[in-house]
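Asks: In this note's numbering, the protein residues as written are 4 to 160.
No residue lacks a Cβ here, since even glycine has one placed at the ideal position from N, Cα and C.
Bear in mind that the values here come from a model prediction, so they are computed numbers and not experimental data.
Supplied in structure tokens, the structure appears directly below.
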């Protein structure tokens, strides 16, 4: 059901990313190109990783987990930051999302990482309910900040 992504998965990963952007009401934000994604995942210095959820019967990809390593200065070890978790609506409720998270948790344990974390939109109650059902806890004491676009350019000068 779960396998690491391979270079041939890049087109379907792009499709899944765009579907996720549509679901999150931000389709204009999904700007990654196949070439960029291929370089990030499979280039000489991979900066991101992906796992695919595939349908047990057809073998067709129905979901993905895109992730990268972060680092905890307090624990002194890496962790996994889950950038995107997405399962197509037609495949939801069959365990693919949980299996993707279980695989990332397994990788954390195998490598001695102490954290698996991600963000979720406040309005996405189906995802929030799912995450709570597996024991995830919101980090309500923290506020996410981001500098991007024009503000990033101004800060860099």
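1. Do residue 54 and residue 6 count as a contact pair if the criterion is CB distance below 9 Å?
2. As a quick exercise: from 134, 86, 148, 143, pick the residue whose alpha carbon is nearest that of residue 20.
3. From residue 36 to residue 17, what distance separates their C-alpha atoms?
4. Buried or exposed for residue 137, going by 16 or more other Cβ atoms inside 10 Å?
5. Report the three-state DSSP secondary structure of residue 75 (helix, strand or coil).
6. Looking only at its chain, what residues have a beta carbon closer than 8 Å to the beta carbon of residue 110, apart from the 5 residues adjacent to it on each side?
7. From this set, 90, 94, 56, which residue's C-alpha is nearest residue 27's C-alpha?
8. Look at residue 22 and residue 68 and say whether their C-beta atoms are less than 9 Å apart.
9. Report the residue from 88, 148, 46 whose alpha carbon sits nearest the alpha carbon of residue 9.
10. Just verifying my parser: in three-state terms, what is the DSSP assignment at residue 9?
11. Cβ atoms of residue 119 and residue 103: under 9 Å apart, would you say?
12. Assuming residue 51 and residue 74 form a contact by the criterion Cβ under 8 Å, report the distance between their Cβ atoms to the nearest whole angstrom.
13. Output the distance between the C-alpha atoms of residue 141 and residue 124, rounded to the nearest integer angstrom.
Replies: In short:
1. Here residue 6 corresponds to residue number 3 of the chain shown, with the count starting at 1. Here residue 54 corresponds to residue number 51 of the chain shown, with the count starting at 1. A contact, by the Cβ cut-off of 9 Å.
2. One-based indexing of the chain shown puts residue 20 at position 17. Of 134, 86, 148, 143, the residue nearest in Cα terms is 86.
3. Residue numbering aside, residue 36 sits at position 33 when the chain shown is read from its first letter. Residue numbering aside, residue 17 sits at position 14 when the chain shown is read from its first letter. Straight-line Cα distance between these residues: approximately 7 Å.
4. Here the question's residue 137 lines up with position 134 in the chain shown. By the neighbour-count rule (16 or more Cβ atoms within 10 Å), residue 137 is not buried but exposed.
5. Indexing the chain shown from 1 puts residue 75 at position 72. Here DSSP, grouped into helix, strand and coil, assigns residue 75 to strand.
6. The residue labelled residue 110 in the question sits at position 107 within the chain shown. If you ignore the 5 residues before and after residue 110, its C-beta comes within less than 8 Å of the C-beta of 83, 116, all in its own chain and listed in chain order.
7. Here residue 27 refers to the residue found at position 24 of the chain shown. Checked all of 90, 94, 56; the closest Cα to residue 27 is 90.
8. For the purposes of this step, residue 22 is taken as the residue at position 19 of the chain shown. For the purposes of this step, residue 68 is taken as the residue at position 65 of the chain shown. At least 9 Å separates the beta-carbon of residue 22 from that of residue 68.
9. Within the chain shown, numbered from 1, the residue matching residue 9 stands at position 6. Nearest option by C-alpha distance: 46.
10. In the chain shown, counting from the first residue as 1, residue 9 sits at position 6. Reduced to three states, the DSSP call for residue 9 is coil.
11. In the chain shown, the residue the question calls residue 103 occupies position 100. In the chain shown, the residue the question calls residue 119 occupies position 116. Contact check for residue 103 against residue 119 fails: the beta carbons are separated by 9 Å or more.
12. Taking the first residue of the chain shown as 1, we reach residue 51 at position 48. Taking the first residue of the chain shown as 1, we reach residue 74 at position 71. Not confirmed; about 15 Å, so no contact.
13. Position 138 of the chain shown, counted from the start, is the residue given in the question as residue 141. Position 121 of the chain shown, counted from the start, is the residue given in the question as residue 124. Rounded to the nearest whole angstrom, the CA to CA distance from residue 141 to residue 124 is 11 Å.
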